[in-house]
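Read in this note's numbering, the sequence shown has 103 at position 101, and its numbers run on one by one without any break. Using N, Cα and C, we set each Cβ at its ideal position, and we do this for glycine too. All values reported here derive from a predicted model rather than from experimental measurement.
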Amino acid sequence: MKLIASLTSPYARKVRIVLAEKKIDCPLEEDVPWNADTRVAEYNPLGKVPVLELDDGSTLYDSRVIVEYLENSSPVSRLLPQDNRQIILTRRWEALADGIIDAMVAIVMERRRPPEKQMEEVVARQRGKITRGLATLSEDLGEKPWCTNHGYSLADIAVGCCLGYLDFRAPDIDWRGAHPNLDALLQRLAARQSFIDTEPPQA
């Protein structure tokens, strides 16, 4: 089994953190989909990371599918609750966090276009998604130490990767000032070894 991933991908970081928390040894093959020499499409027809190649040569993608597989592969450090309704609520946190990342990625891609071709209305629309998404995360978190009432879980990992990616790609977004409870959550998460070890490299 091996993970094909970019070190700066927040979706891949989520998987890497899950691997670390569940103490699953999995080699990492670094691949950046935007590079000319990328081989990601050989593993995933969509050309996206992360991809988990299993021992039989089959592959799993995207991050949510991979996390589901890993959670069911090892009983160590359960990251999803056992109750079906609580599973759905945890997955909702993950979906919202991933959606905020999607919006940030869209902004990054728009900013890579030639200046004369960039569309500010596209950026504004995606920023609106980020603003509303963060407000909902903050409201749902409230004063709880973790996202759900069941302690540290996949929800926290997903939100932590989301907030970390905003810091990485958009340090101008003052989400900490607007949502101090999210800042406190990220500080708790950033102290975990799994988050320390997967911090994206600075350019």
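- Assignment of alpha helix (DSSP H) within the region 86 to 169, counting only whole runs of 4 or more residues, yields 86 to 113, 122 to 143 in chain order.
- As the crow flies, the alpha-carbon of T40 is around 15 Å from that of S11.
- With 16 or more other Cβ atoms from the protein chains shown falling within 10 Å of its own Cβ, G135 counts as buried.
- Shown here, E201 sits in coil according to DSSP, grouped into three states, outside any helix or strand.
- Listed as beta-bridge partners of E55 by DSSP are K4, T61.
- About 6 Å separates the beta carbon of M106 from that of R171, a gap short enough to meet the 8 Å contact definition.
- Between L184 and L156, the CB-CB gap reaches or exceeds 8 Å.
- Around the Cβ of A22, a 10 Å sphere holds 16 or more other Cβ atoms; the residue is buried.
- Cβ atoms of S8 and D33 come within 8 Å of each other, at about 7 Å.
- Distance from the CA atom of E73 to the CA atom of C149, rounded to whole angstroms, is 18 Å.
- Here DSSP, grouped into helix, strand and coil, assigns L30 to strand.
- Here the region 86 to 98 lies against the region 152 to 168, with 3 or more beta-carbon pairs under 8 Å apart.
- Looking at the backbone, the Cα of H152 and that of R66 are separated by about 20 Å.
- Membership of A192 in the alpha helix (DSSP H) is indicated by the continuous run 182 to 192.
- With 16 or more other CB atoms across the displayed protein chains lying within 10 angstroms of its CB, R18 is buried.
- If you look at K16, you'll find it in the alpha helix (DSSP H) that goes 12 to 23.
- Here DSSP, grouped into helix, strand and coil, assigns W36 to coil.
- The Cβ atoms of K4 and E55 lie closer than 8 Å to each other.
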